[in-house]
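K.L.:
Mapping the sequence shown onto my numbering, position 120 (from 1) lands on 720, and the numbers just tick up by one.
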Amino acid sequence: MTTPPTPRGALIAIEGLDRAGKSTQCDLLLNRLISSGIPAKLQKFPDRSTPIGHMINSYLTSTSNLDDQAIHLLFSANRWEAKDSILSTLNSGTTILLDRYIYSGIVFSAAKPPVPVENPKPLSVSWCKAPDVGLPRPDIIIFLNISQEDAEKRAGFGDERYEKKEMQEKVRKLFEELRGEDSNDKEDWWVVNAGGTVEEVAEEVWRGVLEALKRVKEGNGEVRSI
Ligand code: 2DT
Ligand code: MG
601 MTTPPTPRGA LIAIEGLDRA GKSTQCDLLL NRLISSGIPA KLQKFPDRST
651 PIGHMINSYL TSTSNLDDQA IHLLFSANRW EAKDSILSTL NSGTTILLDR
701 YIYSGIVFSA AKPPVPVENP KPLSVSWCKA PDVGLPRPDI IIFLNISQED
751 AEKRAGFGDE RYEKKEMQEK VRKLFEELRG EDSNDKEDWW VVNAGGTVEE
801 VAEEVWRGVL EALKRVKEGN GEVRSI
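(1) Quick one: what does DSSP say A620 is sitting in, helix, strand or coil?
(2) My assumption, with CB atoms under 8 Å, is that N678 sits in contact with I656. Please give the rounded CB distance.
(3) Identify the residues that DSSP records as bridge partners of P736: which are they?
(4) Quick check: the Cα distance between K622 and P720, rounded to an integer number of angstroms?
(5) Rounded to the nearest angstrom, what separates L810 and E803 at their Cα positions?
(6) Compute the Euclidean distance between the alpha carbons of I612 and G693, then round it to the nearest angstrom.
(7) Between the alpha carbons of F775 and F645, how many angstroms are there, rounded?
(8) In whole angstroms, give me the CA-to-CA distance for M885 and E760.
(9) Any heavy atom of the ligand COA closer than 7 Å to the Cβ of Y762?
(10) According to DSSP, which residues form a beta bridge with F743?
(11) State the Cα-Cα distance for the pair L813 and A610, rounded to the nearest angstrom.
Okay, here's the thing in structure tokens:
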């Protein structure tokens, strides 16, 4: 008698603005999955632990300067270097929570103010998306949606490069555009009101996860690509 193959894990991306509660919700969710008997693992992007991640970290903490295009490609390379491990983890039956993914990659780069002279136009969304084409596509993107008002009530920003009000406002607009425009991917976005209590938000996030697990169960077992 042969045992049936292990069903693959789900690929779940958690996205949102800074201070939307992504890390808190990822930790809660990881615990809930594991205590429900669903093997799961957290993968954060950027992954600052690799050599490429070290370069990203020194850029974000402003100890190094890089061209907008170059840092964009490093963020993407930081995902490509994790691709094989993501796929083998999923195929071994473990669910992966992505704390940020290509969507942060697109909106943060496209939100940057154009540098006059050298680079007078902002990076376009399509340019920003191109290097990620071919990466594993999440079964669901859980978007923690927080209003400007609620975000302002939470603790202040840190002092990393992108943690500035104007940048965050641009990021908010671009996330909205991305969710609206991505008509092929519309069903992939699960928008959660992140203004509630931690427990309320966790409940809505959990419903998104159940939806992703259902999609995986009903699918053909293959991980789709961006
Ligand atoms: P954390 O605070 O979550 O470590 O993120 N970013 C992230 C990009 O500009 N491009 C990307 O591809 C990713 C994944 C968002 C640090 C900052 O890095 C930004 C905030
Ligand atoms: Mg941060």
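Idealized CB from N, CA, C, for every residue including glycine.
P.N.:
Checking against the coordinates, here is how it stands:
(1) In the sequence shown, counting from the first residue as 1, residue 620 sits at position 20. Of the three classes helix, strand and coil, the one that applies to A620 here is coil, per DSSP.
(2) The residue you call residue 678 lines up with position 78 of the sequence shown. The residue you call residue 656 lines up with position 56 of the sequence shown. Going by Cβ atoms, the distance from N678 to I656 rounds to 6 Å, so yes, they are a contact pair.
(3) Along the sequence shown, one-based indexing puts residue 736 at 136. Bridge partners of P736 according to DSSP: S825.
(4) For the purposes of this step, residue 622 is identified with residue 22 of the sequence shown, where counting begins at 1. For the purposes of this step, residue 720 is identified with residue 120 of the sequence shown, where counting begins at 1. Taking the straight line joining both Cα atoms gives about 33 Å.
(5) In the sequence shown, counting from the first residue as 1, residue 810 sits at position 210. In the sequence shown, counting from the first residue as 1, residue 803 sits at position 203. So the alpha carbons of these two residues sit roughly 11 Å apart.
(6) Taking the sequence shown and counting its residues from 1, the one referred to as residue 612 is at position 12. Taking the sequence shown and counting its residues from 1, the one referred to as residue 693 is at position 93. Between I612 and G693, the C-alpha separation is close to 14 Å.
(7) Residue numbering aside, residue 775 sits at position 175 when the sequence shown is read from its first letter. Residue numbering aside, residue 645 sits at position 45 when the sequence shown is read from its first letter. In a straight line, the C-alpha of F775 is about 17 Å away from that of F645.
(8) It is not possible to answer for residue 885, since the shown part of the chain is limited to 601 through 826.
(9) The ligand COA is absent from the structure shown, which contains only the ligand 2DT and the ligand MG.
(10) For the purposes of this step, residue 743 is identified with residue 143 of the sequence shown, where counting begins at 1. Looking at the DSSP output, F743 sits in a beta bridge with E615 and V791.
(11) Translated into the one-based positions of the sequence shown, residue 813 becomes position 213. Translated into the one-based positions of the sequence shown, residue 610 becomes position 10. Between L813 and A610, the C-alpha separation is close to 6 Å.
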